[in-house]
Amino acid sequence: MNDLELVTPAPGVPEIRLTLLAAPSTVVLARELVRYALTNWGFDREVINDSTLVMSEMVTNAVKAARGRQLRLRCALYEGTPLLECWDPSPELPTPNTPTPMAENGRGLAIISAYAKQTGTRPSATGEGKVVWAKMPA
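The sequence shown begins at 1 in the UniProt record's numbering and counts up by one.
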């Protein structure tokens, strides 16, 4: 089940939430969610492109951790900058890798850290799974 929700939890604090099935095609939808939100919120092309890349990497990792289950994405403004979040039901925290030069994967967390101003993980509010988040520069 896919579900899109536009919410304003507090005056002047817009956010968009999207619930998707953890499948490889979800990554495309995650990028479009971020592109849509940040374009409508007036961010420049560089912030939008960097943010779509970061969300793409977060969702790719979540799809691997929770294939076939649901993911929840959130794009919000926090202190005037984009805040990107991806929840998945797996309790396993992402761990950085040191891939070989020819490896086709294993660089996601390094990419997220390189583009985001701050990153982290936290347990979900329900106690199931985790939230991986990235606060982007404006």
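By construction, the Cβ of each residue, glycine as well, lies at the ideal position given by its N, Cα and C atoms. All values derive from a computational prediction rather than experimental measurement.
### Message
For V54 and P24, which I take to be in contact (beta-carbon distance under 8 Å), what is that distance rounded to the nearest angstrom?
### Response
V54 to P24, Cβ: 18 Å. No contact.
### Three or more C-beta pairs below 8 Å linking the stretch 18-36 and the stretch 66-77
yes
#### Entry: Nearest-angstrom Cα separation, counted from G127 out to I112
24 Å
### Task
On a CA-only basis, which of T95, R45, S124 and D50 is nearest A114? Give me that one, please.
D50
### Message
Measuring alpha carbon to alpha carbon, tell me which residue in G129, A110, N40 and R74 is nearest L29.
### Response
R74
### Task
Keeping to the same chain, check which residues put their C-beta closer than 6 Å to that of R45; ignore five residues upstream and five downstream.
none
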